[in-house]
Structure formats: C-alpha cells, structure tokens
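In terms of our numbering, the sequence shown is residues 531 to 624.
Heads up, the beta-carbon is just placed ideally off N, CA and C, and yes, glycines get one too.
For clarity, every value in this text was computed on a predicted model and none was experimentally measured.
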Amino acid sequence: MIKKDVFIGIFVGLIANAIGLFITANLLGQGDDFVTVIKAAAKEGFLGKLISLGAILNLIAFFVFIKKKQDYRARGVLLITVFIAVFTFVFKLF
C-alpha cells in the first residue's frame, strides 16, 4: 500500500510538472506553439529554468496531499520535485 501511494504521488508530480511546463511555455512563448517554445528554450539555454518554473504546480499537489493526510503521496511528489531539481542542475552543467 505504501509503495502504491508513493507511486501515485510520483505520477501526480510528473503530471503536475508537465501541465506547469505547458502553461509556462504558453505564457512566456508569446503566442508560439509549445514545441517551438521548447526548441527555442533549448537553443538559447534556458530550458532548465522553464522546467523549474513548471514544477511550481508540484507545490500545490504537495500541500493538497499534506492537507488530506496522505503523507506517502506527498512524499512521492517531493521525490519527483527533488529529481527535477537535480535534473535541471545537471542539465545546466552540461
């Protein structure tokens, strides 16, 4: 049961990050489509920052799980948020 809840939290964290990335790309993309914004961000070197901004929705998911006393699901969201932070750090180095 615990592994299932952590997995659900990871899944929710990934989905929240993807939705946040999509919203951020549309807001900052000045009318361009999503793929064009992602390609331009990778070319100009701020894709990691765009992904990090997308992770803001994980904060909402985390606090919703904490409020509902679903600590293991919140742990999954926190795990994926830390993974994304490490990924963007490593991505920025190379």
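Residues of its chain near residue i, where Cβ-Cβ distance is below 7 Å and the 5 sequence neighbours each way are ignored
i    : result
L544 : I610
A585 : N547, G550, T611, I614
L608 : F592
Buried versus exposed, by CB contacts within 10 Å (16 or more), residue i
i    : result
F593 : exposed
G578 : buried
T566 : exposed
Closest residue to residue i among the options (Cα-Cα distance)
i    : options                : result
L580 : Y602, A604, I540, F619 : F619
A591 : G539, G559, K533       : G539
F624 : K598, S582, F576, L583 : F576
C-beta atoms of residue i and residue j nearer than 9 Å
i    : j    : result
V542 : R605 : no
L589 : I553 : no
D506 : A572 : One cannot answer for residue 506 here, as it falls past the ends of the chain, which runs 531 to 624.
Same chain only: Cβ atoms within 6 Å of residue i, ignoring 5 sequence neighbours per side
i    : result
F595 : R603, A604
A555 : F564, V567
F621 : G578
I532 : Y602
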